[in-house]
Structure formats: structure tokens, C-alpha cells
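S.K.: The numbers in the sequence shown follow the numbering used here, run straight up by one, and end at 452. Here a beta-carbon is modelled for each residue, glycine too, at the ideal position from N, C-alpha and C.
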Amino acid sequence: MVSLYEGLSAISDNYDGYIIDLWGVMHDGVKAFPEAIDCVSRLKQAGKQIAILSNAPRRADVVIARNADLGIAPDLADVVMSSGEDTWLHLNERPDAFYRELGRRCYHLGPERDQGMREGLDYDFVESLDEADFILNTGTLAFDHTIENYRELLDSALALKLPMICANPDLVVIRGGVMEFCAGSVAERYEQLGGEVRSHGKPHLGVYERCFSAMGVTDRSRIAGIGDSLRTDIAGARAAGIAGIFVTDGIHRTELNVDSSGMPAPDGLESLFAATQANPAAVLPRLRW
Numbered sequence: 164m165v166s167l168y169e170g171l172s173a174i175s176d177n178y179d180g181y182i183i184d185l186w187g188v189m190h191d192g193v194k195a196f197p198e199a200i201d202c203v204s205r206l207k208q209a210g211k212q213i214a215i216l217s218n219a220p221r222r223a224d225v226v227i228a229r230n231a232d233l234g235i236a237p238d239l240a241d242v243v244m245s246s247g248e249d250t251w252l253h254l255n256e257r258p259d260a261f262y263r264e265l266g267r268r269c270y271h272l273g274p275e276r277d278q279g280m281r282e283g284l285d286y287d288f289v290e291s292l293d294e295a296d297f298i299l300n301t302g303t304l305a306f307d308h309t310i311e312n313y314r315e316l317l318d319s320a321l322a323l324k325l326p327m328i329c330a331n332p333d334l335v336v337i338r339g340g341v342m343e344f345c346a347g348s349v350a351e352r353y354e355q356l357g358g359e360v361r362s363h364g365k366p367h368l369g370v371y372e373r374c375f376s377a378m379g380v381t382d383r384s385r386i387a388g389i390g391d392s393l394r395t396d397i398a399g400a401r402a403a404g405i406a407g408i409f410v411t412d413g414i415h416r417t418e419l420n421v422d423s424s425g426m427p428a429p430d431g432l433e434s435l436f437a438a439t440q441a442n443p444a445a446v447l448p449r450l451r452w
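So this is what it looks like as C-alpha cells:
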């Protein structure tokens, strides 16, 4: 049985470095969580290396600026990495055969706020799928869109055999208590239809490798990844060879029937872990000391 702790202080000395999720752990898209800010500040004071790793489809500097707007100081983390940063670097460097064979014409599926992902890239951004060599998927065009809003577009892309790059593998996110669909849901449907998808971010190993290089902690048994998604945060930690610490009061809160303090209902954890084949090292109600 996985141990459930009231706060991170009970196990904080087990690790020298932490890779911490943003949405659902540090903030809810509207405001930062004071308990989480306090907890990470204490880790920093104890000399721990802190990396913030987000499946945000935006460059790392944009994530840092947005964090500051929400109340997360830029100096709280030693490293900030995002799925968008990893995507941009692959598009810019074309490090493997998939990227070298993409072509130059990109159809960008995403909202206006993700336009920064285009900056500095030597590609032609086109307005229709018929003109495109591939799709860059950074998310839905509106907060209230569902996957069905994109069925016609995905059918057309499939007919054209366009590969898709997904800059955010998350399926959903909770913004101010309201669930929204993410780029990962669109990519998942495209794969189900038979389309080719290349995703960046958690749970894929590459984005963790970037964090490891920047953190300077070489012993992975001394690193923990903290997040609220079993599919991305906990599965990603396992794939990267680090401990996963699961936060219950996030996207799984309804399944776990958490109370006002974030604590899950009795027996809810083991049922969820069995159903998802998740195996975190520890569980917290919220990121708090």
C-alpha cells in the first residue's frame, strides 16, 4: 500500500531534487496555491534543487512570466522546462529523421496565446491543411471546445496523411475549478483515427532528460517528481527512473472524492491505482509542508 502523508516534510529528506508540476499542484490557472509556494520555498532553503516541469504548450520564458503573474516568483525554481520548450527546440534543431523529413509548411492548431511558439522558427505557417506538410497542435481554439469541434479538421488531416506534433500531452486541465480539454485530447483522437502523432512533454523521457541536465543531480534515486496526473506525472516519473509523488486534489479529485483538505475517500486510492496501474512512491493531499 502506498503511504499517504499530510505534507511533504515527512519525506523531504529522502530526495535532493524535485521536478514539480504546475497546473493542479502549484496553481489552478487563476492563482498560485499559498501552501505550495511555502512548501517549495522550504525545499529551496534546505538546499534542494527545484525544477518546474509543465506540459504547457509555450516557451519556458513565457511560462516563467505567467508564473510571476500568478504569484510564483521566478527565483523559486532553479530550472523551468515546458513541453512547449521541448517542442520548439526539436522544431528548431530537427535532431532526428522525423523532424528532418517534416517539410517547411506548418498548420498551427492552437489559440492566439500560443503564437509565441512560432517565433524564431524557420517554417512557413500556412492557413489551410491543404497547404501544410504537418500540424503543430498546441491546443483547442476556445476554452469551451470539445474534441467534437475538431472532427472535420482531423478527418481532413488524416486524408492528407499529415503528421501531427503535439506540444501538450495533457488530456484535460482544471482552470479555476472548470475542466477544459487540452492538445493531448485532440492528438489522442487523431491517433485513434490512424493519424501519426509525435508528442513532447510528460510522460516522455526527453523532457525529463533536459531537467536532469540542468539540475545537476546525477543520482536519480534522489529525485522525485510531484504531480496530480497519473497518466503524465506519475507515469513520466516511472519512465524517467525517479520517484513519483502523487497529489490527490487535482484532476483526479472527483474520482477520489477528496474532502475540503484534499484528502481522498478511504480505499479510493488503491482502487484508482489498480485501475490505472499507477505506482507512486508516496501520496500527498496537496503540495504542502
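With residue 267 and residue 293 assumed to form a contact (beta carbons below 8 angstroms), what rounded beta-carbon distance in angstroms separates them?
M.R.: Residue 267 sits at position 104 when you count from the first residue of the sequence shown. Residue 293 sits at position 130 when you count from the first residue of the sequence shown. With 8 angstroms as the limit, residue 267 and residue 293 do not qualify as a contact, their Cβ atoms being about 15 angstroms apart.
S.K.: Between the Cα of residue 374 and those of 213, 206 and 186, spot the shortest distance and give me the residue it belongs to.
M.R.: Taking the first residue of the sequence shown as 1, we reach residue 374 at position 211. With distances taken between Cα atoms, residue 374 lies closest to 213.
S.K.: Skipping 5 residues on each side, what residues in its chain have a beta carbon closer than 8 angstroms to that of residue 274?
M.R.: Within the sequence shown, residue 274 is the residue found at index 111, counting from 1. Counting only Cβ-Cβ distances below 8 angstroms, and skipping sequence neighbours, we find 301, 302, 303, 304 and 305.
S.K.: Since residue 343 sits in a beta bridge, which residues does DSSP pair it with?
M.R.: One-based indexing of the sequence shown puts residue 343 at position 180. Its beta-bridge partners are 336.
S.K.: What does a CB cutoff of less than 7 angstroms around residue 277 pick up in its chain, not counting 5 residues either side in sequence?
M.R.: Your numbering for residue 277 matches position 114 in the sequence shown. For residue 277, same chain residues with a beta-carbon under 7 angstroms away, outside a window of 5 residues either side, are 220, 221, 301 and 302 in chain order.
S.K.: Whose C-alpha, out of 279, 183 and 259, is nearest the C-alpha of residue 235?
M.R.: Residue numbering aside, residue 235 sits at position 72 when the sequence shown is read from its first letter. Answer by Cα proximity: 183.
S.K.: Check whether the region 437 to 445 touches the region 394 to 412, taking contact to mean three or more Cβ pairs, one atom from each stretch, closer than 8 angstroms.
M.R.: yes
S.K.: State the Cα-Cα distance for the pair residue 382 and residue 317, rounded to the nearest angstrom.
M.R.: Residue 382 sits at position 219 when you count from the first residue of the sequence shown. Residue 317 sits at position 154 when you count from the first residue of the sequence shown. When rounded, the distance between both Cα atoms is 43 angstroms.
S.K.: Report, in whole angstroms, the separation of the C-beta atoms of residue 426 and residue 180, which I expect to be a contact under 8 angstroms.
M.R.: Taking the first residue of the sequence shown as position 1, residue 426 is located at position 263. Taking the first residue of the sequence shown as position 1, residue 180 is located at position 17. Actually they are not in contact, since the Cβ atoms of residue 426 and residue 180 sit about 27 angstroms apart, beyond 8 angstroms.
S.K.: Could you check the C-alpha separation between residue 387 and residue 240 for me, to the nearest Å?
M.R.: The residue given as residue 387 occupies position 224 in the sequence shown. The residue given as residue 240 occupies position 77 in the sequence shown. Rounded to whole angstroms, the gap between the alpha carbons of residue 387 and residue 240 is 15 angstroms.
S.K.: Taking the DSSP output, what are the residues bridged to residue 190?
M.R.: As a first step, residue 190 must be located in the sequence shown, where it is residue number 27. Answer is 186 and 195, bridged to residue 190.
S.K.: What number of angstroms, rounded off, separates the C-alpha of residue 231 from the C-alpha of residue 415?
M.R.: Within the sequence shown, residue 231 is the residue found at index 68, counting from 1. Within the sequence shown, residue 415 is the residue found at index 252, counting from 1. The alpha-carbon atoms of residue 231 and residue 415 are separated by roughly 26 angstroms.
S.K.: Shortest alpha-carbon distance to residue 354 belongs to which of 385, 310, 372 and 338?
M.R.: As a first step, residue 354 must be located in the sequence shown, where it is residue number 191. It is 310 whose Cα lies nearest to the Cα of residue 354.
S.K.: Near residue 191, which residues of its chain fall below 8 angstroms by C-beta distance, leaving aside the five closest residues on each side in sequence?
M.R.: The residue labelled residue 191 in the question sits at position 28 within the sequence shown. 337, 338, 339 and 340.
S.K.: Roughly how many angstroms separate the alpha carbons of residue 345 and residue 284, rounded to a whole number?
M.R.: As a working mapping, residue 345 is identified with position 182 in the sequence shown. As a working mapping, residue 284 is identified with position 121 in the sequence shown. For residue 345 and residue 284, the distance between alpha carbons rounds to 23 angstroms.
S.K.: What separation, rounded to the nearest whole angstrom, lies between the Cα atoms of residue 147 and residue 421?
M.R.: A question about residue 147 goes unanswered here, because the residues of the chain that appear run from 164 up to 452.
S.K.: For residue 189 and residue 243, I'd like the C-alpha separation in whole angstroms.
M.R.: Translated into positions along the sequence shown, residue 189 becomes position 26. Translated into positions along the sequence shown, residue 243 becomes position 80. If I take the Cα positions, the gap works out to 13 angstroms.
S.K.: Do you know offhand how far residue 307's Cα is from residue 347's?
M.R.: Locating residue 307 in the sequence shown gives position 144, where the first residue counts as 1. Locating residue 347 in the sequence shown gives position 184, where the first residue counts as 1. Taking the straight line joining both Cα atoms gives about 15 angstroms.
S.K.: May I ask you to report which of helix, strand or coil DSSP gives residue 217?
M.R.: If you number the sequence shown from 1, residue 217 lands on position 54. Three-state result, residue 217: strand.
S.K.: Less than 7 angstroms between the CB of residue 201 and some heavy atom of the ligand COA, yes or no?
M.R.: This structure lacks the ligand COA; in fact it carries no ligand of any kind.
S.K.: I'd like the span of the alpha helix (DSSP H) that includes residue 253, first residue to last.
M.R.: Here residue 253 is taken as the residue at index 90 of the sequence shown, counted from 1. Per DSSP, residue 253 belongs to the alpha helix (DSSP H) from 246 to 256.
S.K.: From which residue to which residue does the alpha helix (DSSP H) around residue 416 run?
M.R.: Within the sequence shown, residue 416 is the residue found at index 253, counting from 1. Note, residue 416: alpha helix (DSSP H), 416 to 419.
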